[in-house]
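Quick notes on the structure that follows.
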Amino acid sequence: MPILEKLTQPGQARHWTDSIPLEFHYTAGVAGEEFRRELRDNGRFLVSKCSKCKSTYIPARMYCPSCFIEMKDQFPIDKPGYVYSFTSVNRDRSGTDTELPITVGVVKFEGVKGGIVHLLDVDDSERVSIGMKVTPSLKNLSERTGALTDILAFKPTSARPSKTSSEGGTMDRHAARTGDDQARSLLHSIEESGYPIEEDEMTISSLRRKIGKGELLTSDEDRLLHRLGDKAREWRKAVKSSSETEPTDTLSG
Ligand SMILES: [Zn+2]
């Protein structure tokens, strides 16, 4: 009668060791489940758009973290993503050395907040660059389960054009490349700032296309890019004080 038993001395206390089998199941949430279904059934990424601030989020989520309102507008995106950040690792999650280095990156999508952390399917991390266009390579439909591992990796859409194909004109090309890098980093900082590019999205798209291809911008386009860069900088300053409470918008893969 252990319950009725009254212990008068601490030494009388007895105990035994055993285990209770418990299993936890976590749901992906309403929007998270829709994101996974879309990935499994149609091999596409579902995003949510806020009706108030017009921000679009990947993966789809139920509430806008800025406006705290429900986002009812969801749609899949087909456009390629781009490498926002990447690194190369030599060990797996358990700390075991991998046979070959593995390249991992954050993939973002034009005009969409958030991103997906996943493997980058490249032979050599040296060939990866920030802003490089990538598309997901997925498991076959019959093998997909709605997990992020339905994505095998992100791979480059195509090889970047070579900009040094012949002798001569090295200085010009060097200058072009420097300008190219500047434009690329400016574009990157605009995207990073979270500046709502909604109204300038067409402009940014065409700039990104040109920059992605390594084409030189016209002076008008260059001015435009700098103007957007300035706007983004102001935006960043303005939101700095309020952004500290904003939760992370990146889903780990
Ligand atoms: Zn919003």
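Here my numbering is used: the first residue of the sequence shown is 180, the next is one more, and so on.
Yeah, the Cβ is synthetic: ideal placement off N, Cα and C, and Gly gets one too.
Touching by the beta-carbon criterion (3+ pairs, under 8 angstroms), the segment 269-276 and the segment 304-324: no
Beta-carbon spacing of residue 238, residue 295 below 9 angstroms: yes
Using only the heavy atoms of ligand 1, determine whether one of them is closer than 8 angstroms to the beta carbon of residue 231. yes
Three or more C-beta pairs below 8 angstroms linking the segment 253-272 and the segment 196-208: no
Expressed to the nearest angstrom, what Euclidean distance is found between the alpha-carbon atoms of residue 374 and residue 211? 25 angstroms
Whole beta strand (DSSP E) runs in the segment 287-349 with 3 or more residues, listed along the chain? 292-298, 312-317 and 330-335
Residue from 190, 370 and 397 with nearest C-alpha to residue 260: 370
When burial is assigned at 16 or more other CB atoms within 10 Å of the CB, is residue 326 buried or exposed? exposed
Kindly confirm or deny that the segment 182-196 and the segment 222-230 touch, where touching means at least three C-beta pairs closer than 8 angstroms. no
May I have the straight-line CA-CA distance separating residue 263 from residue 391, to the nearest angstrom? 13 angstroms
Starting from the C-beta of residue 318, find all residues in its chain whose C-beta is less than 7 angstroms away, skip the five residues before and the five after it, and write them out in chain order. 329 and 331
By alpha-carbon positions, which one of 324, 414, 279 and 292 ends up nearest to residue 302? 279
What is the rounded straight-line gap between the Cα of residue 417 and the Cα of residue 293? 20 angstroms
Select from 324, 270, 300 and 385 the residue whose C-alpha is nearest the C-alpha of residue 219. 324
Check residue 188 in the structure and name its three-state DSSP category. coil
Bridge partners for residue 256 per DSSP, in chain order? 224
Do residue 382 and residue 403 have their C-beta atoms within less than 9 angstroms of each other? yes
Rounding to the nearest angstrom, what Cα-Cα distance links residue 306 and residue 215 in this structure? 30 angstroms
Close-in-space but distant-in-sequence residues of the same chain around residue 372 (CB under 6 angstroms, 5 per side omitted): 411, 414 and 415
Give the DSSP bridge partners of residue 265, in chain order. 284
Would you mind working out which of 368, 388 and 389 sits nearest residue 406, comparing C-alpha positions? 368
Indicate whether residue 362 and residue 396 have their beta-carbon atoms separated by less than 9 angstroms. yes
CA-CA distance, residue 380 and residue 203? 43 angstroms
CB of residue 291 within 9 angstroms of CB of residue 235, strictly: yes
Going by DSSP, name the residue or residues bridged to residue 249. 242
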